[in-house]
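These protein sequence lines are chains A and B, in that order.
Be aware that the first sequence starts at 20, since it is given in the numbering used here, and climbs by one per residue.
Be aware that the second sequence starts at 2, since it is given in the numbering used here, and climbs by one per residue.
Note that CB positions come from ideal geometry on N, CA and C, so glycine has one too.
Each remark here refers to the structure printed beneath this line.
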Amino acid sequence: MDEMELRAVERLLREAGIRYDGGELRGYATDASFLTLGVPNLVAFPKDEAECVALVDLAIDRELALVPRGTGSGTAGAAVAPPGAILVDMERVGACDARGHRRGLFSPQIVDGTGEPADLSKAGPDDVLYVRVGAGRTSDETNRALAKHRWTVAVTPSSGYSTFGGNFATNARGSGTPAFGPFGNAVNRLRIIASSEKGARVLEVTDPKEVRRLAGHHGLCGLVTELDVRIAPVLRADEMLCAILSMDSVDAAHLGSTMGALMKRVATSCRYYAGEFLFIDRGIVRPDDPIRRDGVLGGYFSVPADHRKMVLVYRGKKDGMAALPAIAADFPEVAYREITYPQFQAMMKVRTAATGKALQRVNVPGCEDFIIEDPARFGDVLARMFAAMAGADGRPVGHHYPDGVEVHYRPQAAVTRAGIEEAWALNLRLREAVLRPELTVEDRREHGLGLALFRDGPASRHEELRRLKAEYDPANVFCPHLMDSKLDGRFVGAQFAI
Amino acid sequence: MTEAVGIQVTLGPDGGASPDPALRVLTAEGCIQCNKCTFSCPVHRVDVLFSPRKVILQAYLGGADAVSERDLWACLTCGECQAVCPTQVPYPAFIRAQREKLLPAMERTAPCKHGGFKDVLAKIMAKPDLKQDRRAWIGDGLKVADRGDVIYFTGCMPYLDGVFSYCDSARIGKAAIKIMNAAGIVPVVANAERCCGHDAMWNGDRETYEKLARANAAWIRESGAKRLVTTCAECYSMLKYEYPKVVGEWPLEVLHMSELIEELVKAGKLKFARPVELTVTYQDPCRLGRHSKEYDAPREVLKAIPGLTFVEMDRIRENSMCCGVGAYSNCDAATKFMQQERLEEAASKAGNLVTACPHCRIHFSCYLDGRPVDPLPELKIVDLTELAAQALG
Chain A
20 MDEMELRAVE RLLREAGIRY DGGELRGYAT DASFLTLGVP NLVAFPKDEA
70 ECVALVDLAI DRELALVPRG TGSGTAGAAV APPGAILVDM ERVGACDARG
120 HRRGLFSPQI VDGTGEPADL SKAGPDDVLY VRVGAGRTSD ETNRALAKHR
170 WTVAVTPSSG YSTFGGNFAT NARGSGTPAF GPFGNAVNRL RIIASSEKGA
220 RVLEVTDPKE VRRLAGHHGL CGLVTELDVR IAPVLRADEM LCAILSMDSV
270 DAAHLGSTMG ALMKRVATSC RYYAGEFLFI DRGIVRPDDP IRRDGVLGGY
320 FSVPADHRKM VLVYRGKKDG MAALPAIAAD FPEVAYREIT YPQFQAMMKV
370 RTAATGKALQ RVNVPGCEDF IIEDPARFGD VLARMFAAMA GADGRPVGHH
420 YPDGVEVHYR PQAAVTRAGI EEAWALNLRL REAVLRPELT VEDRREHGLG
470 LALFRDGPAS RHEELRRLKA EYDPANVFCP HLMDSKLDGR FVGAQFAI
Chain B
2 MTEAVGIQVT LGPDGGASPD PALRVLTAEG CIQCNKCTFS CPVHRVDVLF
52 SPRKVILQAY LGGADAVSER DLWACLTCGE CQAVCPTQVP YPAFIRAQRE
102 KLLPAMERTA PCKHGGFKDV LAKIMAKPDL KQDRRAWIGD GLKVADRGDV
152 IYFTGCMPYL DGVFSYCDSA RIGKAAIKIM NAAGIVPVVA NAERCCGHDA
202 MWNGDRETYE KLARANAAWI RESGAKRLVT TCAECYSMLK YEYPKVVGEW
252 PLEVLHMSEL IEELVKAGKL KFARPVELTV TYQDPCRLGR HSKEYDAPRE
302 VLKAIPGLTF VEMDRIRENS MCCGVGAYSN CDAATKFMQQ ERLEEAASKA
352 GNLVTACPHC RIHFSCYLDG RPVDPLPELK IVDLTELAAQ ALG
C-alpha cells in the first residue's frame with residue numbers, strides 16, 4: 020500500500036466512522052511469539068458487525084488484505100500482519116456501547132440450542148444452554164456476568180482474557196475441554212463476515228458440523244462477529260472431586276513414562292473437567308509467595324536437588340472421578356492427595372502463570388502446543404526436552420486431555436538482545452528434538468504462532484483449511500499470507516533496543 | 002526484584018543492562034506481549050488506541066523515548082495492568098520513570114487539571130521557610146497535641162476544600178480525630194507538615210518530591226512519634242513504601258486510618274454503639290489496594306459497623322476499577338466515561354459508595370456534581386472514616 024493509497028483508505032475509514040490507527044505502529048509488529056512479518060500499514064478497530072461489513076467491503080473493493088486479531092488464545096495468539104495489510108483488532112466487536120466504549124460489565128443473552136432466549140434463573144443442571152456474545156468478549160467478563168446464577172463458560176482457555184473470537188479462530192482448549200471438547204465444539208452458532216467477489220457476505224452458521232469445520236480457521240475465512248457459546252453450571256463443592264498427584268525423580272524419562280501411563284489410565288477410566296500439570300522449579304513462584312507457606316500446598320514447591328518434580332491436578336464430578344484413587348494407588352511413586360476447590364484454584368493460579376512466571380526474565384514463546392497423542396511416549400518426549408533445555412530457565416507445563424498430553428514450554432531469557440536470541444535458538448532446537456512422528460508429537464498451533472501455519476501446523480488440517488478458504492473467502496482478503504507454505508517470520512528480538 | 006508493594010521496583014542484578022533508566026525499569030521483568038494489561042486497562046476500554054502492551058513493545062523496539070507524550074500522560078498509574086500481568090511488569094513504575102526523565106525537556110510538568118493547583122501547592126510546600134496553620138479546620142471539641150506518640154498526617158485535606166468546596170473534605174479529618182479521641186488517642190497535628198509528594202513523584206517531578214519527603218521526615222523524626230496515621234491512601238503509600246527509599250532509616254509505623262480502626266475495634270478500645278442503617282459498597286483506592294495491598298482492613302471496618310449492609314461490587318480488590326484520575330494529571334472525557342461505568346456498577350449494588358481515599362471521593366463527587374454521561378440512580382460518595390465516626394454515636 021503506497022502513501023496515497025494509505026491516505027485514501029484512512030479517509031474511507033473516517034467516513035465509515037471506523038476507529039483506526041495509522042501512526043506509530045511498531046507496537047503491532049508482533050505477538051507474544053516475538054515473530055514478525057514487519058509493521059502493518061494500518062490498524063482498524065471496528066466496534067460492531069456493521070463496521071466489520073464496511074471494512075470487508077473496503078478490502079474487496081481496493082484489494083487489500085485484512086488480518087483479524089483478537090487477544091487470541093492464551094498469551095500467544097494475537098495475529099500479526101505483513102506490511103500492506105490492515106490489522107483488524109476485533110476486541111471491541113460486540114463488547115461496546117453505542118459510543119464505542121467497552122463495558123466490562125454486561126448482561127449477556129442466554130439462549131437454548133435453537134437460539135431461543137432462555138431464563139438462566141430457571142435453568143436446571145441438565146439444560147444445554149449458550150451465551151450469545153460478541154467476538155470481542157472474554158470468558159473472564161462473561162463468567163463475572165454468569166456468576167450470580169452459578170453458571171460458567173464451559174470451555175475456558177487458560178487466559179480468561181482471550182477473546183471468544185480468538186478462541187474460535189485457534190480452536191483453543193482449556194478447562195472444560197476434557198468434558199466439552201475444544202472451544203469449537205462448545206459453539207452452537209456464529210455470525211461471520213465472509214467475502215464474495217462483489218462484496219461482504221454476512222453468514223449465520225448454525226449447522227454444528229459447519230461450525231466445527233470453521234473452528235481453528237486462523238482468520239483465513241472471515242471476521243467472526245458473534246457466537247453462541249456453551250455454558251455449564253458451576254459444580255457444587257459437595258459434588259466435586261479435586262486431586263493433586265505428584266512425583267519427583269532424577270530420571271526425566273522414568274518420571275514422564277510413569278506419569279504418562281497414569282494419565283493414559285485416567286483418560287480411559289475417568290470423566291473430568293480439567294487435568295493440568297506443571298513442573299516445579301525454584302522460580303515458579305516468588306520466594307515470598309504465600310503458597311510456599313501453605314500447610315497443604317507448600318510442600319509441593321520444594322524439590323530435592325537434581326530431581327524433576329511434576330505435579331498433576333484434576334477436577335471433576337465425584338462420580339466421574341471415582342476410579343482415580345485406585346489408579347493412583349497402582350503407581351506407588353506417585354503421591355495422591357484430595358484437595359479442596361480453593362486449593363485446586365490456588366494451584367491453577369500457579370499453573371496458569373507458570374509459563375509466564377520468571378524473575379527478571381522475559382519469556383520467549385515458540386514451543387506452545389506440542390500434542391503427544393500417546394501419553395506412553397511422554398517419558399521419551401520429556402527426556403528429549405530436558406536434554407535440550409539443559410542449563411535453561413523455565414519449565415514445561417500443560418494439559419492432560421483425553422486425546423493426548425499437551426505441553427507448553429517457553430524459554431526464559433535475561434532481557435537482553437543476546438539472551439532473547441539464545442532463548443529463541445533453544446526453541447528451534449526443541450522443535451527439532453520433539454516434533455517427530457515416532458514420538459506421536461504434533462504442533463497443533465492452538466496458540467496462534469500462525470505465521471508458519473502451513474509449514475509446521477497439523478498437516479491433517481491443511482486441505483480442509485484450503486477448502487474453507489475457497490468457500491468463505493473467494494476474494495482472498497483474509498490473511499492471504501498464511502496460505503504461503505514458505506512464509507517464515509523474522510524474530511523481532513534482534514531488533515530490540517535493549 | 003519487586004518488593005511487597007508490587008508497583009514499586011528496585012532493580013536487580015540484571016537491571017543495569019540498559020543505561021536508560023525508564024527502560025531499565027521496564028525490562029526488570031520481561032513482557033511476553035500477552036495483552037492482559039491492555040484488556041484490563043480502564044483507559045483502553047474508553048480509548049482503544051491506548052495500549053500498555055503496545056507501548057512496551059514500542060519501547061523494546063525503539064527505546065523508551067519511542068513512547069508518545071500522549072501515551073505517557075494517558076496512563077492513570079492505577080496498577081491494574083501490573084496486577085494481571087503474568088510476569089508483573091511494573092508498567093506504572095516505567096511510566097513514572099519516563100515522566101521523570103522527560104520532565105526537564107517539557108514545557109511544563111504534568112498536564113495537571115484544576116489549573117495546576119496541586120502542582121503549585123506541592124511547589125509552595127517544598128519551600129523551606131513555609132509557615133502554615135494546618136489546624137484551623139479542626140474546630141472545637143476535638144483534642145490534638147503538639148507532641149505525642151501518634152501523628153495524624155492530614156495530607157492535602159486542609160487545602161482541598163478551597164478548591165473542591167462541595168466535598169467538605171475537612172469532615173474526614175474531624176471524623177478521624179473524633180475516632181482517635183474516643184479511643185483515648187490525642188494525635189499530633191503538626192503545622193510543619195508538608196504535602197507528601199505523591200503527585201510530584203508520580204508526575205515525574207522528583208526534585209520537588211524529595212524536598213517534600215525530607216522536610217516531612219525532619220519534623221516527623223524530631224517529634225519522636227512512634228506511629229503515623231493517615232486517612233489518605235496516597236499519603237499512606239508514599240509514607241509507608243516510598244519515603245524509606247529517599248529518607249533512609251524510617252522506624253515509624255505508618256497506618257491507614259482503616260487499619261487503626263480495625264486494630265482499635267479488635268482490641269476493644271473502640272466500640273460502635275450506634276447503628277448506621279445504610280447499604281454500602283466499597284471502592285478499593287488504587288494506592289491503598291493495588292499499590293499497598295491493603296484490601297482487608299476497610300472491609301473489616303465496614304463489617305464492624307452495626308446496622309450497615311455491605312455489598313461487594315463485581316470488580317474488587319486487585320481487579321477494582323480506578324476512579325479515573327491519577328495524581329490529578331488526567332481528567333478528560335475518557336475519565337468521565339470510566340467514572341460513569343464504575344458508578345453504575347456501584348449504584349447497582351448500593352445507595353452509598355464508600356472509599357478510603359479523599360481523592361477518590363473528590364473525583365467521584367466531582368463527576369456526580371457535574372453532568373453524568375448517562376442518568377445514574379441516587380448514589381452518595383462516603384468516606385470510610387466518616388462512616389465509622391457516625392457509628393460512635
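For the beta strand (DSSP E) that Leu256 of chain B lies in, which residues bound it at each end? Glu254 to His257
In whole angstroms, what is the alpha-carbon distance linking Asn204 of chain B and Tyr329 of chain B? 9 Å
Any C-beta of chain B under 8 Å from that of His120 of chain A: yes
Tell me Val189 of chain B's beta-bridge partners as DSSP assigns them. B:Ala146 and B:Ile152
Determine the direct distance from the alpha carbon of Met502 of chain A to that of Leu454 of chain A, and round the result to whole angstroms. 21 Å
Consider the C-beta atom of Gln83 of chain B and the heavy atoms of the ligand COA; say whether any pair is separated by less than 7 Å. Ligands displayed in this structure: none; no statement on the ligand COA is therefore possible.
Among B:Glu319, B:Asn331 and B:Asp315, which residue has its Cα nearest to the Cα of Leu344 of chain B? B:Asp315
Mapping DSSP to helix, strand and coil, what is Gln34 of chain B? coil
Which class does Leu316 of chain A belong to by DSSP, given the choice of helix, strand or coil? coil
Using a Cβ-Cβ cutoff of 7 Å, what residues of the region 231 to 242 of chain B are near chain A? List them in chain order. none
Is Thr359 of chain A close to chain B? Criterion is C-beta to C-beta, closer than 8 Å. no
Any Cβ of chain B within less than 8 Å of the Cβ of Ala280 of chain A? no
Starting from Ser238 of chain B, follow the alpha helix (DSSP H) in both directions and report where the run begins and ends. Ala234 to Ser238
First and last residue of the alpha helix (DSSP H) that includes Glu482 of chain A? Ala478 to Tyr491
Between Leu279 of chain B and Leu309 of chain B, which are expected to be in contact by the criterion C-beta below 8 Å, what is the C-beta distance as a whole number of angstroms? 6 Å
Give the single residue among B:Ala177, B:Arg228, B:Lys124 and B:Cys168 whose Cα lies nearest to the Cα of Arg207 of chain B. B:Lys124
I want to see whether chain B comes within less than 8 Å of Leu32 of chain A, judged by CB atoms only; does it? no
How far does the alpha helix (DSSP H) with Ala516 of chain A in it reach, from first residue to last? From DSSP, Ala516 of chain A is part of no alpha helix (DSSP H); its letter is neither H nor E.
Start and end residues, beta strand (DSSP E) containing Ile250 of chain A: Leu242 to Pro252
Buried or exposed: where does Glu70 of chain B fall if 16 or more other Cβ atoms within 10 Å of its Cβ makes it buried? exposed
Contact with chain B by Val381 of chain A, beta-carbon distance below 8 Å: yes
Mind pulling the chain B residues with CB within less than 9 Å of Ala516 of chain A? Ser19, Asp21, Leu24, Ala60, Tyr61, Leu62, Gly63, Gly64, Ala65 and Ala67
Note down the Cα distance separating Asp393 of chain A from Pro201 of chain A, rounded to an integer number of angstroms. 18 Å
Alpha-carbon to alpha-carbon, Tyr360 of chain A and Val253 of chain A: 12 Å
Which bits of chain B does Glu43 of chain A rub up against, with CB to CB less than 8 Å? Gln59, Ala67 and Ser69
Does the beta carbon of Asn192 of chain B sit closer than 8 Å to a beta carbon anywhere in chain A? no
Val130 of chain A lies in the beta strand (DSSP E); which residues open and close that run? Gln128 to Asp131
Is it right to say Asn192 of chain B is buried, meaning 16 or more other beta carbons lie within 10 angstroms of its own, or is it exposed? exposed
How about Arg118 of chain A and Gly155 of chain A: do their beta carbons lie closer than 8 Å? no
Pull out every residue of the region 313 to 327 of chain B whose Cβ sits closer than 8 Å to any Cβ of chain A, in chain order. Asp315, Arg316 and Met322
Gly294 of chain A bridges to which residues according to DSSP? A:Tyr333
Name the two residues that bound the continuous alpha helix (DSSP H) containing Glu208 of chain B. Arg207 to Ser224
Tyr167 of chain B, buried or exposed, once every other Cβ within 10 Å from all chains shown has been counted against 16: exposed
Taking only beta-carbon atoms, is Gly80 of chain B less than 8 Å away from chain A? no
Residues of the region 31 to 46 of chain B with Cβ closer than 9 Å to any Cβ of chain A, in chain order: Gly31, Cys32, Ile33, Gln34, Cys35, Asn36, Lys37, Thr39, Phe40, Ser41, Pro43, His45 and Arg46
Taking 8 Å as the cut-off, decide whether the C-beta atoms of Phe389 of chain A and Val426 of chain A are in contact. yes
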